[in-house]
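K.L.:
Structure provided below as structure tokens; questions to follow.
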Amino acid sequence: MARTVIAGDFGGTNLRAALVSEAGEVLVRQEVSTPADTSPDAVLERIGDLLAEVRDRGEDPPVAVSLAVAGLIDADRGIVMVSPNIPAFRNLSLTAPLSERLGIHVSIENDASAAALGEHRCGAGRGARHLLHATLGTGIGGGLVIDGRLYRGAQGLAGEIGHIVLDPAGPPCGCGSRGCLEATAGGVAFGRRAQRLVESGSAPILAEIAAGQPAT
Ligand SMILES: [Zn+2]
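So this is what it looks like as structure tokens:
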């Protein structure tokens with residue numbers, strides 16, 4: 642019998658889940674939209690339905706479920722403290738109700754930490770003793786593997802490089818600080834800088850692209 646696990650990735654737009662083999666091969670993939678209804682019960686039910694469907698599409702029953710969620714996670718207690726994109730996830734016990742419904746062990750992890758672990762086990766960091774994984778998108782996240790193990794730090798924020806302050810007088814950041822790496826070099830920050838350049842007239846090619854006329 643092949644050993645498989647279910648991996649979940651929950652964001653503000655979509656809830657994704659996959660059945661994955663021990664070798665890291667994705668066998669089944671499924672996603673649904675995150676419910677607009679922000680009640681915790683509605684979100685938990687949608688997640689439970691998604692995980693059950695993925696479980697049932699596999700040939701062998703998975704041995705565990707692991708869920709990646711953006712935000713502040715208490716992995717030991719299975720609780721999402723705060724998730725910026727899913728308002729229903731506030732001091733919400735995620736693993737206990739899902740484990741009860743599915744009859745499988747369920748764990749949660751911060752999404753950037755889970756990505757770091759994924760790269761270490763199956764990706765670019767395979768075989769490395771230490772690894773820092775950076776996620777670049779709307780924001781900047783990070784996860785840290787030390788001596789082959791995920792390092793969470795005292796409050797689960799180890800490796801979160803996005804809020805290192807580069808310039809105390811820099812642009813304000815969503816975290817309340819100023820001049821963080823994310824506020825300076827994240828996707829939103831790049832967009833703002835590009836807009837300023839276009840408006841000042843100092844980036845004519847960028848202005849053409851923004852107006853839908855690709856530069857020749
Ligand atoms: Zn910040």
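Mapped onto the numbering used here, the consecutive letters of the sequence shown carry residue numbers 642 to 857. Don't be surprised by glycine CBs; every beta carbon is placed ideally from N, CA and C.
How long is the line joining the alpha carbons of Val704 and Ala658, rounded to whole angstroms?
P.N.:
15 Å
K.L.:
Work out the CA separation of Gly782 and Ala799 for me, nearest whole Å.
P.N.:
10 Å
K.L.:
With contact counted as at least three CB pairs below 8 Å, one residue from each stretch, are the region 734 to 741 and the region 761 to 769 in contact?
P.N.:
Verdict: no, contact absent.
K.L.:
Rounded C-beta distance between Val786 and Val747? I'm assuming under 8 Å.
P.N.:
Actually they do not touch by this definition, with Cβ atoms about 22 Å apart.
K.L.:
Per DSSP, what kind of secondary structure is Arg731 in: helix, strand or coil?
P.N.:
strand
K.L.:
Tell me whether the beta-carbon of Gly793 lies closer than 8 Å to the beta-carbon of Ser841.
P.N.:
Here residue 793 is Arg; the residue named in the question, Gly, does not match the sequence. Not in contact: Arg793 and Ser841 (Cβ atoms no closer than 8 Å).
K.L.:
Count Cβ pairs between the region 659 to 666 and the region 715 to 723 that sit closer than 8 Å; are there 3 or more?
P.N.:
These segments do not touch.
K.L.:
Check whether the Cβ atoms of Gly811 and Gly827 sit closer than 8 Å, and answer yes or no.
P.N.:
no
K.L.:
Taking the C-alpha atoms as reference points, what is the distance between Cys816 and Leu758?
P.N.:
25 Å
K.L.:
In terms of residues, what are the limits of the alpha helix (DSSP H) holding Asp690?
P.N.:
Pro681 to Arg698
K.L.:
Can you tell me which of Gln796, Leu822, Ala729 and Gly652 puts its alpha carbon nearest to the alpha carbon of Asp808?
P.N.:
Leu822
K.L.:
Do Leu691 and Val667 have their beta-carbon atoms positioned less than 8 Å apart in this structure?
P.N.:
no
K.L.:
Do you know offhand how far Asn655's Cα is from Thr675's?
P.N.:
5 Å
K.L.:
Which same chain residues end up closer than 6 Å to His771 when comparing Cβ atoms and leaving out the 5 residues on each side of it in sequence?
P.N.:
Ile787
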